[in-house]
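These notes concern the structure reproduced below.
Numbering (UniProt numbering), first residue to last: 1 to 260.
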């Protein structure tokens, strides 16, 4: 299903997007050496509840997972890049942490992810990977707008990731979003320009470039959810939810303090 929001629902989409971004920034500020992933999950649960919102993850049970996800946020450490299920692990100095959060409020969902390094150590490879995904995300957003096609976004993202030297996996990528978290169209992280669904005002998309340092192959953890690099290499992931407008694309998942 591809859902087109009416202009009257865009303010709610902005509110939900800002909530997601604010929670992610709050969690980032609390994530320090020694912080347990289960603590982060509890903090996310409490913030979602305080806002009167609903988790898109806790009861999420798609065909590729094993049972309901059962947690409120995805936490990926180092080689874990997607669907990272929180577990009893204390963060160490230099860990590369990805937080991926989706919530629904007022009937509209928003989805975003950030990657950052915990503590004082700043491994050069991790810094470069995070930067590449952030640049690719910016390029994808710049390519989006009314009349553009999904392939234009995919091509823009893929060009940045490929020029940075990273293999690209096409199994998982961006997606439509609206009253539910995962909708069509699929937005691969590489593709051919001028191909695919033509973008229309009111369409919401979650764009999410992610990379693994030296492989495009994923393996699934014993938990049935967490996807890791097949070689154990580090990974990074950046994501925004955007709205296609009459004159371009609006980033919905900006923190309140960063909004115009």
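All C-beta atoms, glycine included, are put in the ideal place defined by N, C-alpha and C.
Same chain, Cβ closer than 8 Å to residue i, neighbours up to 5 away in sequence not counted
i	result
residue 12	105, 106, 107 and 108
residue 168	158, 161, 162, 189, 190, 211 and 216
residue 223	66, 85 and 87
residue 53	16, 19, 103, 104 and 105
residue 80	98, 221, 226, 227, 228 and 235
Contacts around residue i, its chain only, beta-carbon distance under 7 Å, and the 5 residues preceding and following it disregarded
i	result
residue 26	47
residue 121	93 and 94
residue 172	82
residue 135	160
residue 174	187, 205, 206, 207 and 208
residue 231	214 and 215
residue 219	228 and 230
residue 248	145
CB contact flag (residue i, residue j, <8 Å)
i	j	result
residue 144	residue 40	no
residue 113	residue 217	no
residue 242	residue 207	yes
residue 103	residue 56	yes
residue 185	residue 197	yes
residue 115	residue 97	yes
residue 84	residue 123	no
residue 5	residue 178	yes
residue 51	residue 19	yes
residue 272	residue 21	This structure leaves residue 272 out entirely; the chain is present only between 1 and 260.
residue 234	residue 125	yes
Outcome for residue i when other beta-carbon atoms lying within 10 angstroms are tallied against a minimum of 16
i	result
residue 34	exposed
residue 64	exposed
residue 30	exposed
residue 250	buried
residue 194	exposed
residue 253	buried
residue 181	buried
residue 150	buried
residue 133	buried
residue 2	exposed
residue 147	exposed
residue 202	buried
residue 32	exposed
residue 176	buried
residue 14	buried
residue 187	buried
6 Å CB neighbourhood of residue i in its chain, flanking five on each side removed
i	result
residue 60	69
residue 86	37, 38, 41, 71 and 75
residue 156	139, 140 and 143
residue 166	211
residue 170	188
Proximity winner among the options, relative to residue i (alpha-carbon distances)
i	options	result
residue 78	169, 250 and 236	236
residue 164	201, 214, 89 and 148	214
residue 88	195, 124, 36 and 76	36
residue 246	166, 138, 183 and 204	204
residue 161	130, 120, 5 and 201	130
residue 58	232, 125, 117 and 225	225
residue 90	21, 119, 177 and 110	119
residue 23	10, 146 and 111	111
residue 101	80, 82 and 73	73
residue 62	183, 7, 14 and 16	183
residue 82	221, 154, 176 and 135	221
residue 192	172, 153, 166 and 173	153
residue 99	28, 174 and 175	28
Closer than 8 Å to chain B by CB, residue i
i	result
residue 40	This model lacks chain B altogether, as it is built from one protein chain only.
Identify every run of the alpha helix (DSSP H) within the segment 197–242, keeping only runs that are complete inside it and at least 4 residues long; order them along the chain. none
List in chain order: all unbroken alpha helix (DSSP H) runs of 4+ residues lying wholly within the segment 106–189. 124–143 and 150–163
Please specify which runs of the alpha helix (DSSP H), each continuous and at least 4 residues long, are wholly inside the segment 48–73, giving them in chain order. none
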